[in-house]
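Working notes, beginning with the structure itself.
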Amino acid sequence: MFGFSTDPEIVTFFQQLDIVVAGAIRPDEFMAITEMLNDFEPTITSRVVELAPLETLHQFTVNVIAGVQQARQEGMSFGAEADEKLDKASDELNHGMLEREQYRMILRGIRELHVQA
């Protein structure tokens with residue numbers, strides 16, 4: 001869908017991840033898997049922004065925002081600035097298709113949100 005199957009960096013990452021997952025047996029090894037995914041997530045998002053058709057990118061971004069809003073409704077707190085970022089992003093998306101860079105900025109802003117205790 002996003003052209004990932006021919007992207008050497010992504011293919012190599014998932015091959016390495018597959019090896020780590022296959023050998024993981026201790027909790028710290030599974031934590032390393034989570035760290036690997038977290039560290040690589042910006043690369044995946046960047047590729048989605050670069051490679052996806054605009055309609056797909058739009059729906060992907062809408063889905064990410066909906067997921068964060070659902071988490072908030074279920075009691076997760078992302079801090080005071082989360083409301084502002086999500087409202088602004090939703091407003092932008094409600095105006096129709098955006099430029100790729102606008103999607104990149106929305107997704108970057110969402111990635112910067114952190115769960116508050």
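First residue of the sequence shown? That's 1 in my numbering, and the numbers climb one at a time after it. For each residue, glycine too, the CB sits at the ideal point set by N, CA and C. Since we're looking at a predicted model, the values are computed, not measured.
Is it right to say Leu86 is buried, meaning 16 or more other beta carbons lie within 10 angstroms of its own, or is it exposed?
Buried, because 16 or more other Cβ atoms sit within 10 Å of the Cβ of Leu86.
Going by alpha carbons, who is nearest to Phe14 out of Gln73, Glu84, Ile33, Ala52?
Relative to the Cα of Phe14, the nearest Cα in the group Gln73, Glu84, Ile33, Ala52 belongs to Ile33.
Comparing C-alpha positions only, which one of Ile110, Gly75, Thr61, Gly109 sits nearest to Asn94?
Closest in alpha carbon position to Asn94, among Ile110, Gly75, Thr61, Gly109, is Thr61.
Can you list, in chain order, the residues of its chain with a C-beta nearer than 7 Å to that of Gln69? Leave out the 5 residues immediately preceding and following it.
So the list reads Leu86, once near-sequence residues are dropped.
Would you mind working out which of Pro27, Pro42, Met31 sits nearest Glu9, comparing C-alpha positions?
Taking only the C-alpha atoms, the option nearest Glu9 is Pro42.
For His58, report the span of its alpha helix (DSSP H) as first-last.
Bounds of the alpha helix (DSSP H) holding His58 are 54-73.
To the nearest angstrom, how far is the alpha carbon of Val49 from that of Glu112?
Those two C-alpha atoms are separated by around 17 Å.
In whole angstroms, what is the alpha-carbon distance linking Glu35 and Glu92?
Approximately 31 Å, taken between the alpha carbons.
Using CA coordinates, which residue listed in Leu98, Arg108, Arg100, Ala82 is at the minimum distance from Val115?
When Leu98, Arg108, Arg100, Ala82 are compared, the shortest CA-CA separation from Val115 is found for Ala82.
Is the beta carbon of Leu98 sitting closer than 7 Å to the one on Thr45?
No, they are not a contact pair.
Alpha-carbon to alpha-carbon, Asp18 and Val64:
For Val64 and Asp18, the distance between alpha carbons rounds to 25 Å.
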